[in-house]
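Numbering (the working numbering), first residue to last: 2 to 406. All C-beta atoms, glycine included, are put in the ideal place defined by N, C-alpha and C. Here's the structure, in structure tokens; my notes come after.
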């Protein structure tokens, strides 16, 4: 066959495929990481009512029980990146999984709210996200690396959906301490599977993490700062909602019933996210999706501020919020990597993850604080913040994004 024939050209343009070794390694790594994340999401919809009933509980303590994890996750991203350079990716991830398991055990054993917060803080010290991304890069060729990163996203999305919809059921069966013990066991199992089954990378392809000396340079790029603020605000709102909503829902409908609300909303959200992502890619409208998601976030917080977390307004606000997540969750990281610049994707993505975790921490703290001061006041503040962020994104990001990624 002529090498320049259409058939040959078509074959050359087919996307690269994983080798057998890459396929096995990435599937195992995704499964190990997803198991860890699954336990986190199973606890999320039931943790605030559980913490609120413990000795020493207060609004702030309840919020910290959810948000403390994000604080140490953000603080330990850079140290774990340094550790992975010095002792290797696999060993660093193993250490992180054992720390996460230790924190889960403390949280399971806790009988008071302050001890539960300590357990959550210890969980967060196992900040392996950047090391997992780096190991993925080490184990794959450059031509399939984007596919590998996308596969991690698919596994994490599945963990989110399964954890959020099944957490209430399993909490009724084994209790919240049982969820923490299960999470600890899964982390220990995952750590040993990592050491035994995932091969040692032959070389480090690039660390994919944020270095301390790069933070200043990144913060001088205003469009990136706007995107960081977007993911910070989105995850702040998400965590605050999961401090306030489960307590309110339990008082209205009884313990363990929140799954009836979450299952249809998450199904709607996953379908919407898929369609919005396709629209953004096909029509090159990522910037419009970004602004639309911001407007929906502001609208959701406004409805919460007007109607509170009770009555029919709750369903309208949550529906708007799910649509906001469906738009913002895929487009924020997509635009971030697009604006990162050559050779800086790892560092910029590391800063993006730190912003997420800091937002989760502050959302937990403020959600707990405003349990006493009044949730409507918090959502009014968040509505104003979301509106201002839409204006900021329009001014700072628009000049850099003429078409979608």
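In the DSSP assignment, the residues bridged to residue 113 are 56.
Around the beta carbon of residue 224, a 10 Å sphere encloses 16 or more other beta carbons of the protein chains shown; the residue is thus reported as buried. By a beta-carbon distance limit of 8 Å, residue 400 does not contact residue 336. Their separation comes to about 13 Å. Rounded to the nearest angstrom, the gap between the Cα atoms of residue 300 and residue 384 is 7 Å. Per DSSP, reduced to three states, the secondary structure at residue 236 is helical. Excluding residues up to 5 positions away in sequence, 45, 46, 49 and 67 lie with their Cβ nearer than 7 Å to the Cβ of residue 243 in the same chain. Distances from the alpha-carbon of residue 107 to those of 314, 186 and 26 put 186 closest. Taken through DSSP and simplified to helix, strand or coil, residue 286 comes out as coil.
The C-alpha of residue 388 is placed about 33 Å away from the C-alpha of residue 168. Secondary structure of residue 396 (DSSP, three-state): helix. Between the region 92 to 106 and the region 183 to 202 there are three or more C-beta pairs closer than 8 Å, enough to call the two in contact. Counting along the chain, residue 339 sits inside the alpha helix (DSSP H) bounded by residues 314 to 340. DSSP places residue 303 within a helical segment (H, G or I) once states are collapsed to three. Beyond the five residues adjoining it in sequence on each side, residue 250 comes within less than 6 Å, by CB distance, of 259 in the same chain, given in chain order.
Secondary structure at residue 119: helix, using DSSP grouped into helix, strand and coil. Apart from sequence neighbours up to five positions away, the residues of its chain that approach residue 73 with a beta-carbon distance below 6 Å are 122, 125 and 126, ordered along the chain. Residue 27 holds the alpha-carbon nearest to the alpha-carbon of residue 154 among 316, 305 and 27.
In chain order, 250 place their CB closer than 7 Å to the CB of residue 262, counting only its own chain and leaving out the 5 sequence neighbours on each side.
Secondary structure of residue 368 (DSSP, three-state): helix.
Under the criterion of beta carbons closer than 8 Å, residue 135 and residue 90 qualify as touching, at roughly 6 Å.
In this structure, the alpha-carbon of residue 24 lies about 33 Å from that of residue 291.
Counting other Cβ atoms within 10 Å of its Cβ, residue 196 stays below 16 and is therefore classed as exposed.
Burial check for residue 312: the Cβ neighbour count within 10 Å stays below 16, so the residue is exposed. Residue 28 carries a helical assignment under DSSP once its states are collapsed to helix, strand and coil. By the 16-neighbour rule on beta-carbons within 10 angstroms, residue 275 is exposed. Setting aside the 5 residues that flank it on each side, residue 53 is surrounded in the same chain by 63 and 248, each with a C-beta closer than 7 Å to its C-beta; the list follows chain order.
Around the beta carbon of residue 18, fewer than 16 other beta carbons sit within 10 angstroms, so the residue counts as exposed. Excluding the 5 residues flanking it on each side, residue 118 has same chain C-beta neighbours closer than 7 Å at 62, 65, 66 and 69, in chain order. Pairing residue 37 with residue 98, the inter-Cα distance amounts to about 8 Å.
For residue 82, the enclosing alpha helix (DSSP H) stretches over residues 78 to 88.
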